[in-house]
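**Q**
Protein chains in written order, with my numbering: chain W, 5 to 236; chain Y, 80 to 450.
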């Protein structure tokens, strides 16, 4: 029991004294996962909206693929991104393996299907006649799409949160393509794994508390979105 | 009556879904400034016709002509749509305030901000929702939401407004007051209206013309009294019901009742209406009694008319009898009663019905204009 209480005590001290290493790791995590989420947002929302609003042969298969992609195992993504970025791999010339850019890349691959799948569902859940109503108000196609995206803004926020939540908490891909290099590619999850294996439970716990707080914040927003009323 | 030029015409309009024809209209002309009601059972093609006419549903064949311009050839669908507005059964409001909802069509058209504010305020006021301007559309009652939807449609000052069963999900009192507001604004602004409804009373009250639809086709189109009283076939007859629908002008107001002149004869109905006002009187056949005696025979009914039997139509367990009292009147008799009276076409009968048995529809007075 002592080990837990002592760990929590140390963790709180580390957090409140703004330990530079903890702060550095947290900041890098937020930056890397934030950029990855932003890129996945651009791709995911536009492709998701497009698929939601169009009919084409093979659409069902595309939707199934996107939904499957929502559950991509990070280690699999890590493996493929590593192969691509390996010295003699297809993108080896970029020489970005074991850099934060490589982590961003892997995390983007993980987050994009999540954002895409939720956007697709969000746009599809809007009332069927809403599109006709917007066109009847004199909107161009572009104006219509923009209004629909605005109408789905809260579920889309949920998409962002889910994407961010997915990548900030994954460890497999980050450790494989980033390498957990101190002060360079060490993020919250990879640091937690390492500190735990070294027996430094205080730091591991401080990092975990930060992750938990982020998870709590994300879930609070998602719950709020889920519980709200629809306009008539 | 000057029926005016058609603002909108559809020629040989066809819509197919999965190879099956859901709409097949050889010709439809909608007179400018008038209200056309489409009535018919579910699946009759009312909504499809509204959507096809507003170019929101792709028609597989045919042409739509707006003010003489053919849509899709010398007038683009987009330009055409900018003259229209649409109100659906569901209010379909945007997730923002009532004000922003009503402003939506204007903002889409890039109308200047102070102009938007002025117009929106005007229409909020007209539909009695000025006090809700800053309320979220999520927190409205059904009636308030549909008022907002109507205000949004009228705010763009459309030349034609399409209404797809706009009142059918509202409770009767809400429906009544909203219909009154819609009627006044349609008349005042002289907006051409095309409304789908399955409610005959709604259609009678709002329309200048009624089109009865079935299986994607228009079975009959004409002024309400004509369609109601002279259905062209059995389907129309069974759908519009067998009620007698009379139009007349109020000539006198009595205590609790008023007298209406119908085809030169005087009918007394219960309620309040001012002399000069146009009203529609609906009389259900089961409320009309017939006898062979003279009109002077004592009866509690206020309306007693001598009549001639025009037609006797067997309808299962009873007979439907069409009478001519100077105006058409329909009644039901049992087989027994028919034999008792030895009823035959061309015979004279006395028809009577109570003043309380008349359902009165008051038409809003039209603002006098050049027409």
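Beta carbons are placed, not taken as given, at the ideal position from N, Cα and C, and that holds for glycine.
Please read all numbers here as calculations on a predicted model, not as lab measurements.
Within its chain, find whatever has a CB closer than 8 angstroms to the CB of residue 82 of chain W; leave out the 5 residues flanking it on each side and keep chain order.
**A** Only 110, 176, 177, 178, 179, 180, 181 meet the Cβ criterion.
**Q** Got a sec, what are the start and stop residues for the alpha helix (DSSP H) residue 159 of chain Y sits in?
**A** Here the alpha helix (DSSP H) through residue 159 of chain Y covers 156-160.
**Q** Say whether chain Y places a C-beta atom closer than 8 angstroms to the C-beta of residue 117 of chain W.
**A** With 8 angstroms as the cut-off, residue 117 of chain W does not count as an interface residue toward chain Y.
**Q** So is residue 173 of chain Y in contact with chain W if we call contact Cβ pairs under 8 angstroms?
**A** Cβ-Cβ to chain W under 8 angstroms: yes for residue 173 of chain Y.
**Q** Excluding five sequence neighbours on each side, which residues of the same chain lie with their C-beta closer than 8 angstroms to the C-beta of residue 168 of chain Y?
**A** Answer for residue 168 of chain Y: 243, 244, 245, 247, 248, listed in chain order.
**Q** What residues in the stretch 131-154 of chain Y have a beta carbon less than 8 angstroms from any beta carbon of chain A?
**A** Absence of chain A from the displayed structure is noted, the protein chains being W and Y.
**Q** Which residue from Y:200, Y:292, Y:90 puts its Cα closest to that of residue 318 of chain Y?
**A** Among Y:200, Y:292, Y:90, the Cα nearest to that of residue 318 of chain Y is on Y:292.
**Q** Quick one: Cα of residue 216 of chain W to Cα of residue 210 of chain W, how far?
**A** If I take the Cα positions, the gap works out to 10 angstroms.
**Q** Considering only the beta carbon of each residue, do residue 335 of chain Y and residue 360 of chain Y sit closer than 8 angstroms?
**A** Result no, Cβ atoms of residue 335 of chain Y and residue 360 of chain Y do not sit closer than 8 angstroms.
**Q** What's the gap between the Cα of residue 229 of chain W and the Cα of residue 127 of chain W?
**A** When rounded, the distance between both Cα atoms is 15 angstroms.
**Q** Pull up the CB-CB distance for residue 211 of chain Y and residue 219 of chain Y, whole angstroms please, since I reckon it's below 8 angstroms.
**A** Confirmed, Cβ separation roughly 7 angstroms.
**Q** Looking at the C-beta of residue 434 of chain Y, does it have a partner C-beta in chain W at a distance below 8 angstroms?
**A** With 8 angstroms as the cut-off, residue 434 of chain Y does not count as an interface residue toward chain W.
**Q** Does the CB of residue 131 of chain W have a neighbour CB from chain Y at under 8 angstroms?
**A** Answer yes: the Cβ-Cβ gap between residue 131 of chain W and chain Y drops below 8 angstroms somewhere.
**Q** Grab me the residues of residue 174 of chain W's own chain with a C-beta within less than 8 angstroms of its C-beta, minus the 5 sequence neighbours each way, in chain order.
**A** Same-chain partners within the cutoff: 78, 111, 114, 193.
**Q** Just how far apart, CA to CA, sit residue 448 of chain Y and residue 354 of chain Y?
**A** Residue placement at residue 448 of chain Y is flagged as unreliable, the pLDDT there being 39, under the threshold of 50; the coordinate-derived value follows with that caveat. Rounded to the nearest angstrom, the two C-alpha atoms are 20 angstroms apart.
**Q** Given that residue 235 of chain Y touches chain W, what residues does it touch there, using C-beta distances under 9 angstroms?
**A** Those within 9 angstroms of residue 235 of chain Y in chain W are 141, 142.
**Q** Name the one or two DSSP bridge partners that residue 231 of chain W has.
**A** Paired residues: none, contrary to the question.
**Q** Is there a C-beta anywhere in chain W that falls below 8 angstroms from the one on residue 184 of chain Y?
**A** Interface residue, yes.
**Q** What is the C-beta distance between residue 400 of chain Y and residue 410 of chain Y, in whole angstroms, given that I count them as a contact (C-beta under 8 angstroms)?
**A** The pair is a contact, with the Cβ atoms about 5 angstroms apart (cut-off 8 angstroms).
**Q** Ignoring anything shorter than 3 residues or poking outside the stretch 207-278 of chain Y, list the beta strand (DSSP E) runs there in chain order.
**A** Complete beta strand (DSSP E) runs here, min 3: 239-243, 271-276.
**Q** Quick one, which of Y:117, Y:96, Y:94, Y:89 has its alpha-carbon nearest residue 105 of chain Y's?
**A** Cα-wise, what sits closest to residue 105 of chain Y is Y:89.
**Q** Consult DSSP for residue 382 of chain Y and reduce its assignment to one of helix, strand or coil.
**A** Of the three classes helix, strand and coil, the one that applies to residue 382 of chain Y here is strand, per DSSP.
**Q** For residue 339 of chain Y and residue 358 of chain Y, which I take to be in contact (beta-carbon distance under 8 angstroms), what is that distance rounded to the nearest angstrom?
**A** The Cβ separation is near 6 angstroms, so the contact holds.
**Q** State the start and end residues of the unbroken beta strand (DSSP E) segment that holds residue 100 of chain Y.
**A** First-last of the beta strand (DSSP E) with residue 100 of chain Y: 99-110.
**Q** Using the three-state DSSP reduction, which class does residue 52 of chain W fall into: helix, strand or coil?
**A** Here residue 52 of chain W sits in helix by DSSP.
**Q** What do you reckon, are the CB atoms on residue 32 of chain W and residue 26 of chain W nearer than 8 angstroms?
**A** No; because the gap between Cβ atoms is not below 8 angstroms, this pair is not in contact.
**Q** Where does residue 421 of chain Y sit, in a helix, a strand or coil, going by DSSP?
**A** Three-state DSSP puts residue 421 of chain Y in coil, outside helix and strand.
**Q** Looking at the unbroken alpha helix (DSSP H) that takes in residue 194 of chain Y, where does it start and where does it end?
**A** It spans 192-205 - the alpha helix (DSSP H) in which residue 194 of chain Y sits, taken as one unbroken run.
**Q** Quick check on DSSP: helix, strand or coil for residue 180 of chain Y?
**A** Helix, per DSSP.
**Q** From residue 240 of chain Y to residue 275 of chain Y, what does the alpha carbon distance come to, in whole angstroms?
**A** Taking the straight line joining both Cα atoms gives about 11 angstroms.
**Q** Between the C-alpha atoms of residue 417 of chain Y and residue 305 of chain Y, what's the straight-line distance to the nearest angstrom?
**A** Each residue's Cα considered, the two are about 28 angstroms apart.
**Q** One question on the structure: do residue 388 of chain Y and residue 428 of chain Y come within less than 8 angstroms of each other, judged by their Cβ atoms?
**A** The answer is yes: Cβ separation under 8 angstroms.
**Q** Measuring straight from C-alpha to C-alpha, what distance separates residue 133 of chain Y and residue 147 of chain Y?
**A** Cα to Cα, the separation comes out at about 15 angstroms.
**Q** How far does the beta strand (DSSP E) with residue 427 of chain Y in it reach, from first residue to last?
**A** 427-432 is the extent of the beta strand (DSSP E) around residue 427 of chain Y.
**Q** List in chain order: all unbroken alpha helix (DSSP H) runs of 4+ residues lying wholly within the stretch 295-334 of chain Y.
**A** Within the stretch 295-334 of chain Y, the complete alpha helix (DSSP H) runs of at least 4 residues are 303-308, 313-319.
**Q** Of all Cβ atoms in chain W, is any one closer than 8 angstroms to the Cβ of residue 178 of chain Y?
**A** Output row for residue 178 of chain Y: interface = no.
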